[in-house]
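Line order of the protein sequences matches chains A and B. Going by the numbering used here, the first sequence opens with residue 679, and the numbers climb by one from there. Going by the numbering used here, the second sequence opens with residue 679, and the numbers climb by one from there. Even for Gly, the Cβ is constructed at its ideal location relative to N, Cα and C.
Protein chains: 2
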Amino acid sequence: MTTGMEDHIVAAAPAAGADAAEANPLLARIRASLPELRKSERAVGEFVLAKPNEVLNISIAELAYRVGVSQPTVARFVGAVGFPGFKDFKLRLAQSLASGVPYVHGDVGPDDSLEEVAPKVFNRSIAALMNVRNQLDPARLGRAVEVITRAGRMEFYGVGNSGIVASDAQHKFFRFGIPAVAYSDPHTQGMAATLLEPGDVVVAISASGRTPELIRACELARDAGAEVIAITATASPLARVSTVLLAADVHEDPDVYAPMTSRIVHLALIDVLSVSVALASGPELIKRLERTKQTLRDKRIRGFEE
Amino acid sequence: MTTGMEDHIVAAAPAAGADAAEANPLLARIRASLPELRKSERAVGEFVLAKPNEVLNISIAELAYRVGVSQPTVARFVGAVGFPGFKDFKLRLAQSLASGVPYVHGDVGPDDSLEEVAPKVFNRSIAALMNVRNQLDPARLGRAVEVITRAGRMEFYGVGNSGIVASDAQHKFFRFGIPAVAYSDPHTQGMAATLLEPGDVVVAISASGRTPELIRACELARDAGAEVIAITATASPLARVSTVLLAADVHEDPDVYAPMTSRIVHLALIDVLSVSVALASGPELIKRLERTKQTLRDKRIRGFEE
DNA sequence: GGAGAAATGTAATTTTCTTTCAAAAACACC
DNA sequence: GGTGTTTTTGAAAGAAAATTACATTTCTCC
């Protein structure tokens with residue numbers, strides 16, 4: 679197959695023997711998890727990184743043969759990088775390769791001028807949003823909405839910088855009349871989680887999905903019978919302890935110049951969630967909100983949305 | 679910088695009823711061959727056109743069931759539009775949908791399905807980012823960076839939801855070793871502003887730029903000799919009291935379904951600012967940051983960036 | 001209304017993927 | 001250096017999905 683995409687990808691790989699993984703979040707993820715994989719699984723990963731486009735067109739048996747391992751090994755590799763099965767993996771890979779285009783602009787480097795930096799930073803965020811948009815699973819979103827509309831109360835957990843996103847989410851859902859709180863302190867999260875009841879919903883936000891305390895808190899929440907919606911990276915431990923996963927795979931560069939696209943993506947997902955819940959809740963919610971807004975306007979109480 | 683992405687958004691937003699096929703070559707092909715298909719095959723085609731994203735995640739059996747036809751009919755449809763098999767079809771469809779073209783446009787409305795909402799919300803944010811990116815004045819950004827690099831201390835003011843952005847900014851700049859604080863309470867902001875000294879920098883964040891207390895605080899800051907960088911709408915009162923304006927004009931819909939794009943845009947601007955400052959501060963900052971990071975990694979202290 | 005052709009569905013086949021379990025390799029501990 | 005244990009890997013059975021072959025229905029036109 680030749681789609682012409684390869685060119686983009688290659689063009690996007692700037693200096694330093696960098697390859698497609700630089701530009702593509704999924705490939706970057708595979709590369710990142712490479713060291714943690716077993717030897718033969720790693721061989722599979724390396725093959726995928728080397729020839730991602732070929733992988734699209736071959737079966738698991740063919741891939742296993744080409745790499746020189748068994749089919750279950752390929753299957754395990756797929757599981758290790760966070761996909762439920764080989765089919766899903768191929769589908770996501772196809773999407774990811776196709777959507778890699780916006781990355782052509784490259785990363786910010788030490789020699790960039792100010793005029794160059796701003797568009798690059800914006801473009802990274804834009805590209806990240808496009809990626810997550812394309813990979814968002816409507817079914818999962820639907821489940822999340824369902825769970826929230828039935829929720830007795832909502833709690834938003836985010837540690838460190840993600841705490842900010844949690845606060846934002848709390849603001850939004852609180853306006854809907856859903857009792858909502860946000861905790862950014864791990865200990866408080868843990869304590870709050872034990873007090874949850876069945877039907878309550880926790881939304882856990884984390885870029886890496888590897889904060890032990892947050893994961894623990896989510897486990898506690900689940901033990902208490904609450905639903906746990908995770909906004910995090912697909913293959914992360916946090917994703918595993920969640921009941922509904924909203925995937926936010928962002929190629930988060932460890933580089934200092936790297937903008938923090940993850941936060942923007944998380945906010946966008948919260949936006950999607952809140953708008954969806956608003957829609958699902960139907961006209962009565964809408965009316966109530968509109969009335970509140972009108973009241974605020976009438977009384978000239980400003981500064982609520984600034 | 680022109681990426682061509684804008685065209686997709688704008689050019690692709692035709693009449694309201696227009697659907698995916700407008701923007702997507704594969705879907706367009708399906709639509710074109712629709713009249714030549716047999717009745718039940720056409721039903722399959724229509725389903726695919728209506729919900730292309732769902733098709734990606736279901737099997738041929740499921741699709742057949744949903745359309746109300748048999749599996750071979752689906753297979754024949756796939757063959758009729760020119761694919762060797764269902765698997766190939768799904769793969770191509772996935773790629774085609776992912777290729778960056780936002781195929782759902784316009785605003786979110788009460789009648790939108792869940793599948794439509796998510797892309798729309800994302801697209802709004804993407805479009806907003808593009809707008810601000812294109813309108814950003816490099817000269818002003820340069821002045822902002824200059825002011826910040828010389829700053830003795832930084833204070834971030836944001837009221838209500840914008841307080842979240844202020845916190846985020848504070849996190850970022852604090853990591854650079856710049857004494858930074860964030861206040862989201864108007865009164866504290868006013869008090870803090872009077873205590874500033876010449877050379878200090880206030881960054882005021884507000885979507886509307888019409889929060890009286892925030893404006894007052896900025897005036898006080900200016901009286902104290904501090905620089906005031908405003909991230910807000912161009913013509914707003916806040917913009918007028920600022921010394922450096924970073925324009926963030928977002929069409930903030932008063933609609934209930936409207937996602938809050940302003941926050942995302944503000945965060946992106948903070949990102950631009952912090953990355954720019956990092957670049958301007960040169961290698962010694964970079965080195966310091968890298969050392970810090972390495973130390974954290976070495977000690978396996980995780981959870982700082984989550 | 002019935003013969004023939006077209007359209008569609010049923011069921012069997014084949015391919016592809018997943019799971020189970022056993023063998024082999026690596027490892028730790030004597 | 002050997003022995004028991006864990007980890008890693010593969011062989012083979014099982015399940016799921018897609019394709020093919022064939023039968024049935026539906027339509028058309030005489």
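Asked, Found
"8 Å contact criterion, which Ala860/A and Ser845/A should meet: CB distance rounded", "5 Å"
"Neighbour flag for Ser920/B against chain A, beta carbons, 9 Å", "no"
"Burial state of His849/A (16 or more Cβ within 10 Å)", "buried"
"Nearest residue (CA-CA) to Arg818/B, options Val922/B, Val722/B and Arg707/B", "Val922/B"
"Where Phe834/A falls: helix, strand or coil (DSSP)", "strand"
"Local conformation of Tyr781/A per DSSP, three classes", "Only weak support is given to the placement of Tyr781/A: the predicted model assigns it a pLDDT of 37, under 50, and the value that follows is read from those uncertain coordinates. Reduced to three states, the DSSP call for Tyr781/A is helix."
"Within 9 Å, strictly: CB atoms of Leu741/A and Phe725/A", "yes"
"Burial state of Thr751/A (16 or more Cβ within 10 Å)", "buried"
"Cα-Cα separation between Ile826/A and Pro703/A, rounded to whole angstroms", "29 Å"
"CB-CB length for Ala796/B against Thr939/B, believed under 8 Å", "Not confirmed; about 15 Å, so no contact."
"Beta-ladder partner(s) of Ile942/B, from DSSP", "Partner(s): none; Ile942/B has no beta bridge."
"Of the listed residues Phe755/B, Leu775/B and Arg716/B, nearest to Leu734/B (C-alpha basis)", "Leu775/B"
"Residue of Phe755/B, Gly830/B, Val928/B and Leu769/B minimising C-alpha distance to Asn731/A", "Leu769/B"
"Same chain only: Cβ atoms within 7 Å of Thr872/B, ignoring 5 sequence neighbours per side", "Leu898 and Ala902"
"Distance between Gly887/A and Arg894/A (C-alpha atoms, nearest Å)", "11 Å"
"Neighbourhood of Ala986/A by C-beta, 6 Å cutoff - its chain only, sequence neighbours within 5 removed", "The question about residue 986/A has no answer here: the residues shown for chain A are numbered 679 through 984."
"CA nearest to the CA of Val799/A, picked from Asp790/B, Ile942/B and Val799/B", "Ile942/B"
"3-residue-minimum beta strand (DSSP E) runs that sit fully inside the region 712-780 of chain A, ordered along the chain", "none"
"Proximity test, Cβ basis, 9 Å: Ala689/A and chain B", "Only weak support is given to the placement of Ala689/A: the predicted model assigns it a pLDDT of 30, under 50, and the question is left unresolved by the model."
"Against chain B: residues of the region 944-957 of chain A by CB proximity under 7 Å", "Leu945, Ala946, Asp949, Val950, Val953, Ser954, Ala956 and Leu957"
"Closer than 7 Å at the beta carbon, the chain A residues around His717/B", "In the sequence on display, residue 717/B carries Lys and not His. Those within 7 Å of Lys717/B in chain A number zero; the least Cβ separation is about 28 Å."
"Beta carbon proximity, Phe852/A to chain B, threshold 9 Å", "no"
"CB contact check: Gly838/A to chain B, cutoff 9 Å", "yes"
"Residue span of the beta strand (DSSP E) that contains Thr910/B, given as start and end", "Glu905 to Thr910"
"Residues of the region 863-881 of chain A whose Cβ lies closer than 7 Å to any Cβ of chain B, in chain order", "none"
"Where Val928/A sits in the DSSP three-state scheme", "coil"
"Close beta carbons around Lys965/A, own chain, < 6 Å, minus the five adjacent residues each side", "none"
"Members of the region 788-815 of chain B that neighbour chain A once the beta carbon cut-off is set at 8 Å", "Pro788, Asp790, Leu792, Glu793, Val795, Ala796, Pro797, Val799, Phe800, Asn801, Ser803, Ile804, Leu807, Met808, Val810, Arg811 and Leu814"
"Short CB-CB distance (under 9 Å) between Lys977/B and chain A", "Note that Lys977/B scores 47 on pLDDT, short of 50, meaning its location in the model is unreliable and no value can be drawn from it."
"Distance, Asp766/B Cα to Gly877/A Cα", "41 Å"
"Check whether Leu727/A and Leu712/A have beta carbons under 9 Å apart", "yes"
"Own chain residues within Cβ distance below 6 Å of Ser920/A, not counting five before or after", "Val906 and Ala908"
"Candidates Ser914/B, Cys896/B, Tyr743/B and Arg811/B, of which the one nearest Ile948/B by Cα", "Arg811/B"
"Val955/A vs Val823/A beta-carbon contact at 9 Å", "yes"
"7 Å Cβ shell around Leu945/B - same chain, five flanking residues per side excluded", "Val843 and Asp846"
"Min CB distance Ile942/A to chain B below 9 Å", "yes"
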